[in-house]
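Enquirer:
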Amino acid sequence: MSKTNAMRILDKQKIPYNMYSYDPKDGLIDGISVAKKIGKDVKEVYKTLVGKGKHQVYVFIISVDKELDLKKAAEVANEKKIELVHVKDIMKLTGYIRGGCSPIGMKKLYPSFIQEDSLNLENIIVSAGKIGLQIQLDPKDLANEIQGKFVDIIK
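Using this note's numbering, the first residue of the sequence shown is number 17, and each one after it goes up by one.
1) Anyone know if the C-beta pair for Pro33 and Ile54 falls short of 9 Å?
2) Is it true that the segment 135-151 meets the segment 110-120, where meeting means three or more beta-carbon pairs spaced less than 8 Å apart?
3) With 9 Å as the threshold, decide whether the Cβ of Ser118 is near any Cβ in chain B.
4) How would you write the range of the beta strand (DSSP E) that Leu158 sits in, first residue to last?
5) Nearest-angstrom Cα distance between Ile106 and Gly47?
6) In the DSSP assignment, the alpha helix (DSSP H) including Lys52 goes from what residue to what residue?
7) Curious, which full-length beta strand (DSSP E) runs of at least 3 residues does the segment 62-131 contain?
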């Protein structure tokens, strides 16, 4: 299996990770389905959400069983309001498609915020940048790589 850009970045930075693959042919690529397919607890599997304030794009990384609190997201981003980016704009902004959006290796390094209780876990699992591939890594390593901040951003 060929490596994704996110994996190559982690390799170059010598950041340890494990890769998981799953079959996306059934169309079930939502986070909860992915967690089941790779045999992991939903609390360990994280989704990457892309939001936009007045002038800036932001990345929010939360567990798949949680919902982003847009008010809290706006607060941590020092914005009046945050809206999630429309699916059709994700590729243009990140270089990734919906369902395969990794927080690592986006077109630009956007301000990134990670659900703070991820620090209670040894590892979290995020998209590897391609539908069907996930990577498991230490949340602190993820934060260091994407210059992410650990904050309370869930409902």
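Even for Gly, the Cβ is constructed at its ideal location relative to N, Cα and C.
All values derive from a computational prediction rather than experimental measurement.
Expert: Straight from the coordinates:
1) The amino acid at residue 33 is misidentified as Pro; the sequence shows Tyr. Remark: C-beta atoms of Tyr33 and Ile54 do not approach each other more closely than 9 Å.
2) The answer is yes - the segment 110-120 touches the segment 135-151, with three or more Cβ pairs under 8 Å.
3) Among the protein chains of the structure shown there is no chain B, as only one such chain exists.
4) First-last for Leu158: Pro155 to Ile162, but that is the alpha helix (DSSP H), not the beta strand (DSSP E).
5) Straight-line measurement puts the Cα of Gly47 at about 17 Å from the Cα of Ile106.
6) Gly47 to Ile54 is the extent of the alpha helix (DSSP H) around Lys52.
7) The qualifying runs are 62-68, 73-79 and 128-131.
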